[in-house]
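Engineer:
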Amino acid sequence: MFRCREKQRKEASRLQTVNRKLSAMNKLLMEENDRLQKQVSHLVYENGYFRQHTQNTALATKDTSCESAVTNGQHRLTPQHPPRDASPAGLLSIAEETLAEFLSKATGTAIEWVQMPGMKPGPDSIGIVAISHGCTGVAARACGLVALEPTRVVEILKDRPSWFRDCRVIDILNVLPTANGGTIEILYMQLYAPTTLATARDFLLLRYTSVTEDGSLVVCERSLTNTQNGPSIPSVPNFVRAEMLPSGYLIRPCEGGSIIHIVDHLNLEAWSVPEVLRPLYESSTMLAQKTTMMALRQLRQIALEVSQSGAPNSWGRRPAALRALSQRLGRGFNEALNGFSDEGWSLMANDGVDDVTILVNSSPEKLMGLNLPITNGYPSVSNAVLCAKASMLLQNVPPALLLRFLREHRSEWADNNIDAYSAAAVKLGPCSLPGGRIGNFGGQVILPLAHMIEHEELLEVIKMECVGHCPEESLMPRDMFLLQLCNGMDENAVGMCAELIFAPIDASFADDAPLLPSGFRIIPLDPIKDGSSPNRTLDLASALEIGGSGAKLSSNHNATSGTARSVMTIAFEFACESHMQESVATIARQYVRSVIASVQRVASALSPNMNPNGVHAPLGTPEAHILAQWIFRSYSCYLGVELFKSGSESILKSLWNHSDAIMCCSLKALPVFTFANQAGLDMLETTLVALQDISLEKVLDEHGRKGLFTEFAQIMQQGFACLQGGVCSSSMGRPVSYERAVAWKVLNEEENPHCICFMFINWSFV
1329 MFRCREKQRK EASRLQTVNR KLSAMNKLLM EENDRLQKQV SHLVYENGYF
1379 RQHTQNTALA TKDTSCESAV TNGQHRLTPQ HPPRDASPAG LLSIAEETLA
1429 EFLSKATGTA IEWVQMPGMK PGPDSIGIVA ISHGCTGVAA RACGLVALEP
1479 TRVVEILKDR PSWFRDCRVI DILNVLPTAN GGTIEILYMQ LYAPTTLATA
1529 RDFLLLRYTS VTEDGSLVVC ERSLTNTQNG PSIPSVPNFV RAEMLPSGYL
1579 IRPCEGGSII HIVDHLNLEA WSVPEVLRPL YESSTMLAQK TTMMALRQLR
1629 QIALEVSQSG APNSWGRRPA ALRALSQRLG RGFNEALNGF SDEGWSLMAN
1679 DGVDDVTILV NSSPEKLMGL NLPITNGYPS VSNAVLCAKA SMLLQNVPPA
1729 LLLRFLREHR SEWADNNIDA YSAAAVKLGP CSLPGGRIGN FGGQVILPLA
1779 HMIEHEELLE VIKMECVGHC PEESLMPRDM FLLQLCNGMD ENAVGMCAEL
1829 IFAPIDASFA DDAPLLPSGF RIIPLDPIKD GSSPNRTLDL ASALEIGGSG
1879 AKLSSNHNAT SGTARSVMTI AFEFACESHM QESVATIARQ YVRSVIASVQ
1929 RVASALSPNM NPNGVHAPLG TPEAHILAQW IFRSYSCYLG VELFKSGSES
1979 ILKSLWNHSD AIMCCSLKAL PVFTFANQAG LDMLETTLVA LQDISLEKVL
2029 DEHGRKGLFT EFAQIMQQGF ACLQGGVCSS SMGRPVSYER AVAWKVLNEE
2079 ENPHCICFMF INWSFV
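For the sequence shown, position 618 (counting from the first letter as 1) is numbered 1946 according to this note's numbering, and the numbering increases by one without interruption.
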């Protein structure tokens, strides 16, 4: 009786929470509908005005001088105004004007907003996200609900470096209280450049925090340009002064939390970057993904941590600590990528080729930040950090697909000896240059730590198992660990950059562990959807072995041959001794070039245009068709019914499109998966190539393993067994529930056991 009441109480609480979310979302949708109605009325009025104006205007004269301007929608050339007064009274006037303009964008029709591509509003969505259409610069807007108090929301959002990794620093130059209880702040902000091909941005901003008549909190910002009698900052070397147009946050209290409106509106001075990169600086979609939606995700992540009382995960780490590690990895990678001289970075001479840039940092601040320890009695003698970085243009390969392959197949591009050297240089004193004497870290085990920020980001530990022996065995660890951050693995997220950032870490896994981040960042330059599939790697192994030209068939034969471009930036950091800088620089330069060559080879194989002969046959190779026939025939033989109705489609295609997850396991002491249909790959969150690295034991929980062990003899003797429902895990560590499962023995043409096939029925992510 007590359990029943407790269950009813929890269900009632859950329904109340869902009801509150739906009510808040309904309020947001009503406000959005009201705004759209106003926008329609405004457009109808403008349309009528322009029609009348056109009819009544004589078209005989035409001004073709270079000083004439064309007015088109919101692209109006404004006359040069005299400098604004930036005294305290003048700043208050600017602040009130900024507030009015921001509110007109957040809740009004000052900007024509269109729905963000790929975003579907709903109670489980991040919120309502829109991007600008036809305004100066780039702009994005988001509305959402978070279970945090308004004052806490303001505190988080104003601390931009804590959640926005592209923000290098915010300095508060002056604070002025206002008569209405608000605050005016003068800020100087710097943003990292996302790639080596561009320059960083900086801003001189006015930030106004106030409370509206209905009790809502407002934080609005804009650039201070063309002012006098007030603060000013001259141009800073290695930075381009960009402009923030009225932007900010409107936070309304509601039952159970806050309703938040976010507006980001920037002019990033796209003229200052190479033409190939300008789409990156002219894309409102990119701004929405990197900044606007990131703010909402961070708030939701913190609200989730608060609701769970900060309970530690299975690794004994609290969510806030994991979030801090994630932040350190991202910011450390940005720091290495930008290599600012005021942080101690200086350029080393190249070897006559400019494809790889080498920077070195010997500043005490950098080395103290590493917190290099004393291990096994040896103080660390690494007194310099070296960074090798480069950028390359990619064609016709989705960033998410390439990133997923780099994550799941590290051996295709990484050098085990370089990994071992990087780990030893940080953790140990005496260490040699990478070479044949260092142990071979061959085995790779990915251990998920946490899905951060609403499952958009994954923090994990890679365990590299040492399988060799070396003279330094007393100093070298038997196992090596990499802390790794992955984000942007969703191919359906338009305009999202993909990142794989990692750093060696010792087994103690301390919160203040020294980190030297390295990795990849892939930024789409043409955010178009090409119908790509995460399983285009169906036969990638064959493509890589023979260089791509002889690649077999792609699993996505409908993929279009678009011209999507992206830029990949690579940066690798190494700790070293000062007298070894030249030697380490030579090795680092060669290593980055080899990584670039490997990435180009993989990208070529992953491209939908990888086969120059344009083969567009159905799924798979002859071997795949034969395996599908064995699976179908064995199921019918042992269970007495057909797995599916065989019609005009091939058996392989019907098996591939089956709604239940079907996967094959090898008959070995440690069974690994050898094949899965589309639903199976979705359930395991992997690709066909990476499937062979996943063992059955890793997927099943203890209950499932016991059940399979009990029924294994029956499967081998009678040919099949029905297994009870339960919970298993995807390759990313996400729990998956299934109603029931069927296992049967698959026989080949000689009637010998080839593998065991599993079918997980009615599965779903928990």
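By construction, the Cβ of each residue, glycine as well, lies at the ideal position given by its N, Cα and C atoms.
These figures come from a predicted structure and were not determined experimentally.
Using DSSP's beta-bridge definition, name the partner residues of M1808.
Structural biologist: BP columns for M1808 point to M1792.
Engineer: Does R1480 come out as helix, strand or coil in the three-state DSSP assignment?
Structural biologist: Helix.
Engineer: Roughly how many whole angstroms lie between the Cα atoms of V1466 and T1523?
Structural biologist: For V1466 and T1523, the distance between alpha carbons rounds to 19 Å.
Engineer: So, for M2087: in the same chain, excluding its five sequence neighbours on each side, which residues have a beta-carbon less than 6 Å away from its beta-carbon?
Structural biologist: Here the set comprises D1988, I1990 and V2070.
Engineer: In chain order, which beta strand (DSSP E) runs of at least 3 residues are fully inside the stretch 1562 to 1636?
Structural biologist: With a minimum length of 3 residues, the continuous beta strand (DSSP E) runs that stay inside the stretch 1562 to 1636 are 1567 to 1569, 1575 to 1582 and 1585 to 1595.
Engineer: Taking only the alpha-carbon atoms, compute the straight-line gap between P1411 and G1418 and give it to the nearest angstrom.
Structural biologist: Roughly 11 Å between the two C-alpha positions.
Engineer: Helix, strand or coil for R1765 per DSSP?
Structural biologist: Caution is warranted here: a pLDDT of 34 is assigned to R1765, below 50, making its placement in the model unreliable, and no coordinate value can be reported.
Engineer: Put K2026 into one of helix, strand or coil per three-state DSSP.
Structural biologist: Correct three-state label for K2026: helix.
Engineer: Have a look at V1457, V1482 and R1917 and flag the residue whose alpha-carbon is nearest the alpha-carbon of T1613.
Structural biologist: Taking only the C-alpha atoms, the option nearest T1613 is V1457.
Engineer: Tell me M1517's beta-bridge partners as DSSP assigns them.
Structural biologist: Paired residues: I1498 and F1531.
Engineer: Between which two residues does the beta strand (DSSP E) holding M2060 run?
Structural biologist: First-last for M2060: undefined, no H or E at that position.
Engineer: Among E1740, V1684 and E1977, which one has its Cα closest to the Cα of V1930?
Structural biologist: Of the listed residues, the one whose Cα sits closest to V1930 is E1740.
Engineer: Kindly identify the DSSP beta-bridge partner or partners of E1827.
Structural biologist: Its beta-bridge partners are N1815 and R1849.
Engineer: DSSP on Q1336, reduced to helix/strand/coil?
Structural biologist: It is helical.
Engineer: Please report the Cβ distance between M1896 and I1850, rounded to the nearest whole angstrom; I am assuming they are in contact, meaning their Cβ atoms lie under 8 Å.
Structural biologist: About 5 Å; that satisfies the 8 Å criterion.
Engineer: Can you round the beta-carbon distance between D1530 and V1564 to whole angstroms, since I take them to be within the 8 Å contact cut?
Structural biologist: About 6 Å; that satisfies the 8 Å criterion.
Engineer: Are the beta-carbon atoms belonging to L2012 and S2065 less than 8 Å from one another?
Structural biologist: Not a contact, by the Cβ cut-off of 8 Å.
Engineer: Would you call the CB atoms of A1716 and V1920 closer than 8 Å?
Structural biologist: A contact, by the Cβ cut-off of 8 Å.
Engineer: If L1722 sits next to S1894, beta carbons under 8 Å apart, how far is it from one beta carbon to the other, in whole angstroms?
Structural biologist: Right, the Cβ-Cβ distance comes to about 5 Å (below 8 Å), so this counts as a contact.
Engineer: My guess is that M1622 and W1441 are in contact by the Cβ rule of under 8 Å, so how many angstroms apart are they, rounded?
Structural biologist: Between W1441 and M1622 the Cβ distance is about 19 Å, and since that is not below 8 Å, they are no contact.
Engineer: Is it the case that the Cβ atoms of V2055 and S1962 are separated by a distance below 8 Å?
Structural biologist: No, Cβ-Cβ distance for V2055 and S1962 is not below 8 Å.
Engineer: On the premise that N1566 lies in contact with F1430, defined as a C-beta separation below 8 Å, what is that separation, rounded to the nearest angstrom?
Structural biologist: Actually they are not in contact, since the Cβ atoms of F1430 and N1566 sit about 30 Å apart, beyond 8 Å.
Engineer: What would DSSP say about L2009, mapped onto helix, strand or coil?
Structural biologist: Here L2009 sits in helix by DSSP.
Engineer: Applying the criterion that 16 or more other CB atoms from any shown protein chain within 10 Å of the CB defines a buried residue, is M2044 buried or exposed?
Structural biologist: Exposed is the call here.
Engineer: Counting along the chain, where does the alpha helix (DSSP H) carrying Q1909 start and finish?
Structural biologist: Element bounds for Q1909: Q1909 to L1934.
Engineer: For L2036 and L2028, which I take to be in contact (beta-carbon distance under 8 Å), what is that distance rounded to the nearest angstrom?
Structural biologist: Contact flag correct, Cβ pair sits at about 7 Å.
Engineer: With E1663 as the anchor, note down where its alpha helix (DSSP H) starts and where it stops.
Structural biologist: Run containing E1663: P1647 to N1666, per the alpha helix (DSSP H) assignment.
Engineer: Once you ignore the five residues that flank A1528 on each side, which residues in its own chain have a CB closer than 7 Å to its CB?
Structural biologist: Within the same chain, A1528 has close Cβ partners Q1518, L1519, Y1520, A1521, N1566, F1567 and N1666.
Engineer: Can you tell me which of F2048, A2049 and G2008 puts its alpha carbon nearest to the alpha carbon of F2093?
Structural biologist: Ranking F2048, A2049 and G2008 by Cα distance to F2093 puts G2008 first.
Engineer: Suppose you measure from the CA of T2038 to the CA of C2085; what does that come to, to the nearest Å?
Structural biologist: Whole-angstrom Cα-Cα distance: 17 Å.
Engineer: How big is the Cα-Cα spacing for A1956 and L1786?
Structural biologist: Cα-Cα distance, rounded: 34 Å.
Engineer: If you run the structure through DSSP and keep just helix, strand and coil, what is R1550?
Structural biologist: Correct three-state label for R1550: strand.
Engineer: Please report how far the alpha carbon of A1649 lies from the alpha carbon of Y1516, in whole angstroms.
Structural biologist: If you take the alpha carbons of A1649 and Y1516, they lie about 28 Å apart.
Engineer: Closest to D1499 by CA distance: which of C1814, E1736, P1478 and L1533 is it?
Structural biologist: Selected option, being the one with the closest Cα: L1533.
Engineer: Tell whether a beta-carbon distance below 8 Å holds between I1588 and G1472.
Structural biologist: Yes, the pair counts as a contact, with Cβ atoms nearer than the cut-off.
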